[in-house]
Every structure is written in C-alpha cells, then in structure tokens.
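Data first, discussion second: the structure below is written as structure tokens.
Protein chains: 2
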Amino acid sequence: MTTRDSKGPDLQSSLTLLWAGRTPGKRGPRSRLSVELIAQAAVRVADADGLEALSMQRVATELGYSTMSLYNHVPSKDLLLEVAADVGAGAPPELDAAADHRHQVRQWVGALWAGFHTRPWILRVPLEHAPVGPHQLAWLDRLLGPLLAAGLVGGEARAAALHLTALVRGTAQISMNLTAENGDAGLTHAVAELLDPEVYPALTAVHAAEVAGAGHADDDALPFELGFGVDRFLDGVEGWVAAKPGR
Amino acid sequence: MTTRDSKGPDLQSSLTLLWAGRTPGKRGPRSRLSVELIAQAAVRVADADGLEALSMQRVATELGYSTMSLYNHVPSKDLLLEVAADVGAGAPPELDAAADHRHQVRQWVGALWAGFHTRPWILRVPLEHAPVGPHQLAWLDRLLGPLLAAGLVGGEARAAALHLTALVRGTAQISMNLTAENGDAGLTHAVAELLDPEVYPALTAVHAAEVAGAGHADDDALPFELGFGVDRFLDGVEGWVAAKPGR
DNA sequence: AGAAACTACGTACACCATACATAGAAACGT
DNA sequence: ACGTTTCTATGTATGGTGTACGTAGTTTCT
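Those protein sequences? They're chains A and B, same order as listed.
So for the first sequence, full-length UniProt numbering puts the first residue at 1; every next one is plus one.
So for the second sequence, full-length UniProt numbering puts the first residue at 1; every next one is plus one.
And the structure:
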C-alpha cells in the first residue's frame, strides 16, 4: 500500500509544532504572533462558523494580521488544523475518584461525547496520523487509568482505550448531525418509503422500533444509542478480567 | 444548537440523488452522462489519487466531458461525494449461513475493515446526515440479521449495529494511517521522548506494552486492536441476552 | 415545420492555499 | 554609536477550486 490520499503533514513536523518546539530566535524583532494565538483564533472561527469557514485569510483578519503572516509560525493549513483540533479538545475531565471503574469510564465517555457536541468541527478535521497532541494524550491517559485499575494489562488497556475513543468518535460522526438537522421522525418517515422489505428484511423489521428510555436524569447519562454499547463492552471487559488465570 | 458547520446537502436532495430519482425528461437530447457514470468516475479518481485529487474538473476529464456538464446531473460536489461514497462502499459480504452469530458479526466487521483499507478516502468524506444510500443500508441490514438472531430486540439491535459501525469507522480513522505512514516503532520512539511520567502516568506505563498476538491465520481475522474490543462487546451482548427476563 | 426543452459547453467570478520577494525593525558584535 | 545580521510582517502573484450564468446545438413532441 503506497498511502495515496495523504499529502498531509508528517509526524515530525506535527510533533514539533504541537509541542511548541519553536525556538523564537534572538536577532530580529520579537514576534507578536505565536502558534497558540493563531490556534486559538482558528478555534474561535471554527466555533463561530464551522470548519468550512476556517481559511487562513479568515484567521488572519480575526487576529488583525495579514494572511501571509501566519506562515511565519505555521507551515501549512493542515498543521494548523491539527493544532487547532488539539487545542479545541481541551483538558480531559477530572474523574470522580470515589466512583468505581465503570462509572469513571462512563464519565469519560460522556465528557468526550459532550465535547464533540460543543465543537462538532473537530470531527471533520482529517486525521493524518495517530493522536500525539498534548491534550489528546492527556485524554488518553485519563482513560487508561480506570482501565488499568479494572484489571486490564498493557496491550489490552491500549486496545480498550482505542476502542472507546473510536467508538465515541464514530458514533458522534454518524448520529450527531442526524438529530441536529431534522427530527428523528423526519428521517424515519423519509427512509421508510424506500425500504423494500425484500431487499432489506432486517432493517424494515427494526426500523419502527421505539427509541426507548429518554431519561435525562443524570449529568453523565449517555444517549441510549451510545450508552448501550458502552455498557455491553464494559460487561465484556469485566467478564474477561474475571476469567483471567491469575484471579 | 443551530447546526453551524453544515452547509452540506439536505436529506431530501441526497435521497433523490442516491436513489436515482432523476426522471430524465422527454424533450431534449438523451443525455449520455448519468449519475452512475459520474459517481463511478469519481470513485476511480479517488481510488487512484485520493480524495484531495477528486475535483469536478478531474472527474470531468476522466469522463471526457467538460467540467460544467457534470452539473446537469449532480447538483453539487458535496452530493457527488455522498453518492461516490455509497457506490464505493459496494455490496455487503455474504455471511456464512452455517456459522454462529458471533462468527457472522466478526465476518461483517472484517469485511468493513477491509473495505476501509481498500478505499481509505471513504473515511474522509464528511457525513452530512445518517447513511441513507442503498449500499449503506444494505450493509446495515446485513449486520442486523445476526444481531436479531442473537436475541436482541429492535432498539437494542439498532444500537448494537450503530455501535459496531461506528467502532470500525473510528478505529480505521485513528489507527489506519498510523501503520501506513511510519512503522509502529517510529511512533513509539518519537512519542516516548515527550512522555513526562508525571503528566501522563498511565500512558507511560502502557506505552511499552507488547502488541501481542500477530497471528495471520484466519482470513477474517481482525487485528488485535479491533478484535479485542469486538469480542468483549459480543461477550457483553451475550450476557445481556442471557440475563433477559424471558429466558 | 415549428416549438419546446434539454444537454453540453464556455466564460466569469470569488475564493482558496501558498511560493516568493521585499521592507522594515530589533538585537547583536564591534 | 554604528553597521550588520536576522527575523517579522507584508504585498504581490500563481495556479487551483466550486459553481452561477448565458449560449449554442440537438432531439423530441405538437
């Protein structure tokens, strides 16, 4: 596989930029701009008008600078997007230390889910490589805590963390804009007319199923579509740990 | 929430286009072009040179037509992308009827995973709304079969199907380009230098963990990172079904 | 035959990322 | 103090993008 589809930034440049590796130099005028300022402006633009409104010109005018000034601090738009996504992710939630592992994981999932709702544009930023930003690693670290405490060993914990991250991300991508744009009913009705029971037997059977349990009680309550899967996964993890030879 | 970030096509236009709802009209010259032809050309371009090479001009020259001719059949590039993604998804796999539910689900997951590897650009196509294309619905239908047979009822089966779809999609987005671009070792080493154990305690502990089990025995074998989560999820589903009142 | 309608095309516009050259200001060595 | 160096910010220019709009030509119906 020759990895078409990736003109994107390589790992090295991403790392140096994400970790503020720029040494500002000593000779010329002190730069009033910085990667942080630019990234924050980019986040502001994306928050306000979405990712498609995020152009270099827009960010520059947001800051009151010329377009090309940005390129003194950021090598390309792709990399700016990557930094903006990391900045936009923010710090992971503090998990309730008194709670059990399952509750902590649910708390983490709920926070990430909420984050994607607050900044849906993050889901549109194309991933060029594995997450290596400070904030993204912090989120990962926070999740690994409860997973390790639950009894998973290294590789398993990594896989489980990837599983949950990917799950929330994928679910958000698929089902977020559904409820946002048109009511669930609108979709249900529109699609129903197309469903030939001969071609889509299982789908037609399931399609009219009630959504079930629209409880908005707890703060870290997950929507059913997400919570069901997370709970089943955690069930499985508990069973796996319990069945381990050492226990 | 006002749904910024979406200038994209609405559900109605997508539906009519995806389901070939175009009635060609009767008066003028018969059109030699069609949505299918255009979509197939788009898939060819994306397969060859990635999604960023997929421009209207490129598709047009691929077909030997002028750029603007496409707009007689496709109202916008966004919609073309949506159709191309559906066409590119292709038909879902035939599941082994003799196998049990778990094996069937794994087979489905493996096929989707392989599909994303074959056409990584599909992961970059922004999702404007829930999947409603014929092929995407077919994939969903195929998955619902084993899930219903496993004992899940309507809403649960839907949630489980969303779970698995989102999972494969998210995992592919996160971990595919990792192994593609640079070896796993490269990433491991580069990141290791940044990991301050005080800031990322759990991560540092896990980071050196062996990848474990690189067995390439079976055809529908999933990579550990994906397979572990799927298996744990299916464990949980089985437990859930077994614990149901009616049983 | 005439009219209507539809396809394909060419032109034009606004916008995009960014390569490159330039001007100016700040800090250094002397 | 002064020149030199070096870095920042800017301006200009290029090749690309999606697509609105007007036009020519062709096919089918009346």
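Every residue, glycine too, gets a C-beta built ideally from N, C-alpha and C.
When the options are compared against residue i, the one with the closest alpha-carbon
i                      : options                               : result
HIS117 of chain A      : A:GLY88, A:HIS135, A:TYR71            : A:GLY88
ALA243 of chain B      : B:MET68, B:PRO126, B:GLY151, B:LEU81  : B:GLY151
GLU52 of chain A       : B:TRP139, B:PRO126, B:LYS26           : B:PRO126
SER31 of chain B       : B:VAL74, B:LEU15, B:THR61             : B:VAL74
ILE38 of chain A       : A:THR61, A:ASP49, A:ALA202, A:GLU225  : A:THR61
VAL45 of chain A       : A:ALA84, A:SER13, A:PRO201, A:GLU238  : A:ALA84
GLY8 of chain B        : B:ALA157, B:ASP86, B:THR67, B:HIS129  : B:HIS129
LEU143 of chain A      : A:GLY133, A:TRP108, A:VAL241          : A:TRP108
VAL237 of chain B      : B:SER13, B:LYS26, B:VAL105, B:LEU11   : B:VAL105
PHE228 of chain B      : A:SER66, A:HIS189, A:ALA157, A:TRP121 : A:ALA157
ILE174 of chain A      : A:LEU226, A:SER66, A:GLN57, A:ARG58   : A:LEU226
ASP10 of chain B       : B:PRO92, B:ASP78, B:GLN40             : B:ASP78
GLY239 of chain A      : A:LEU123, A:ARG169, A:ARG102          : A:ARG102
TRP121 of chain A      : A:SER66, A:LEU95, A:GLN57, A:GLY50    : A:GLY50
GLN40 of chain B       : B:ASP86, B:THR67, B:GLY145, B:SER13   : B:ASP86
LEU123 of chain A      : A:ARG169, A:GLY133, A:ALA97, A:THR67  : A:ARG169
residue 258 of chain A : B:GLY133, B:ALA208, B:LEU222, B:GLN57 : Because chain A here runs from 1 to 247, residue 258 of chain A falls outside it and cannot be looked at.
Minimum Cβ-Cβ distance from residue i to chain A less than 8 Å
i                 : result
LEU127 of chain B : yes
LYS244 of chain B : no
TRP113 of chain B : no
VAL59 of chain B  : no
THR96 of chain B  : Residue identity check: residue 96 of chain B is Asp in the sequence provided, not Thr. Cβ-Cβ to chain A under 8 Å: no for ASP96 of chain B.
SER13 of chain B  : no
HIS163 of chain B : yes
PHE233 of chain B : yes
TYR200 of chain B : yes
ILE122 of chain B : no
GLY236 of chain B : yes
VAL83 of chain B  : no
GLY145 of chain B : yes
PHE224 of chain B : yes
LEU194 of chain B : yes
TRP240 of chain B : yes
LEU137 of chain B : yes
ALA154 of chain B : It is Gly, not Ala, that sits at residue 154 of chain B in the sequence shown. Interface residue, yes.
C-alpha distance - residue i paired with residue j, whole-angstrom precision
i                 : j                 : result
PHE233 of chain B : GLY115 of chain B : 22 Å
VAL230 of chain B : LEU33 of chain B  : 43 Å
LEU137 of chain A : GLY64 of chain B  : 48 Å
ALA159 of chain A : GLY28 of chain A  : 48 Å
GLY90 of chain A  : ALA111 of chain A : 11 Å
ALA214 of chain B : MET176 of chain A : With a pLDDT of only 48 at ALA214 of chain B, under the threshold of 50, the placement of this residue in the model should not be trusted, and no figure is reported.
VAL206 of chain A : LEU162 of chain A : 29 Å
ALA192 of chain B : ALA149 of chain A : 22 Å
VAL43 of chain A  : SER69 of chain A  : 18 Å
ALA99 of chain A  : TYR200 of chain B : 21 Å
LEU81 of chain A  : TRP113 of chain B : 27 Å
LEU140 of chain A : PRO131 of chain A : 9 Å
SER55 of chain A  : ASP47 of chain A  : 13 Å
LEU147 of chain B : ARG119 of chain B : 26 Å
THR171 of chain B : LEU167 of chain A : 8 Å
LEU203 of chain A : VAL59 of chain A  : 45 Å
VAL241 of chain A : ASP235 of chain A : 10 Å
LEU15 of chain B  : GLU36 of chain B  : 14 Å
SER76 of chain B  : GLU94 of chain B  : 34 Å
ALA212 of chain A : PHE224 of chain A : In this prediction, ALA212 of chain A has a pLDDT of 49, which is less than 50 and means its spatial position is unreliable; what the coordinates show is noted afterwards. Approximately 8 Å between the Cα atoms of the pair.
ASP96 of chain A  : THR165 of chain B : 30 Å
GLY145 of chain B : TYR71 of chain A  : 53 Å
ARG194 of chain B : GLN12 of chain A  : Reading the sequence as shown, one finds Leu at residue 194 of chain B and not Arg. Taking the straight line from one Cα to the other gives about 12 Å.
ALA180 of chain B : THR67 of chain A  : The predicted position of ALA180 of chain B is uncertain, since its pLDDT is 48 and thus under 50; a value taken from the coordinates is nonetheless stated next. The alpha-carbon atoms of ALA180 of chain B and THR67 of chain A are separated by roughly 34 Å.
LEU222 of chain B : PRO92 of chain A  : 30 Å
Interface flag, residue i vs chain B, CB-CB below 8 Å
i                 : result
ALA214 of chain A : In this prediction, ALA214 of chain A scores a pLDDT of 48, lower than 50, which makes its location untrustworthy; the coordinate-derived value is nonetheless stated afterwards. So no, ALA214 of chain A is outside the interface.
THR171 of chain A : yes
ASP78 of chain A  : no
ARG102 of chain A : no
GLY64 of chain A  : no
ASP141 of chain A : yes
SER175 of chain A : yes
LEU33 of chain A  : no
ARG158 of chain A : yes
MET228 of chain A : Checking the sequence shown, residue 228 of chain A turns out to be Phe, not Met. Interface residue, yes.
VAL45 of chain A  : no
The ligand COA heavy atom lying under 7 Å from the CB of residue i
i                 : result
LEU148 of chain A : No copy of the ligand COA appears in this structure; indeed no ligand is present at all.
Check your understanding: Going along the chain, which unbroken runs of the beta strand (DSSP E) with 3 or more residues stay wholly within the region 85-133 of chain A?
Key -> none
Review point. Below 8 Å, can you find three or more Cβ-Cβ pairs linking the region 145-163 of chain A to the region 8-21 of chain B?
Key: no
Check your understanding: What are the uninterrupted segments assigned as alpha helix (DSSP H) that are 4 or more residues long and contained completely in the UniProt domain "HTH tetR-type" (32-92) of chain A, given in chain order?
Key -> 35-49, 56-63, 77-89
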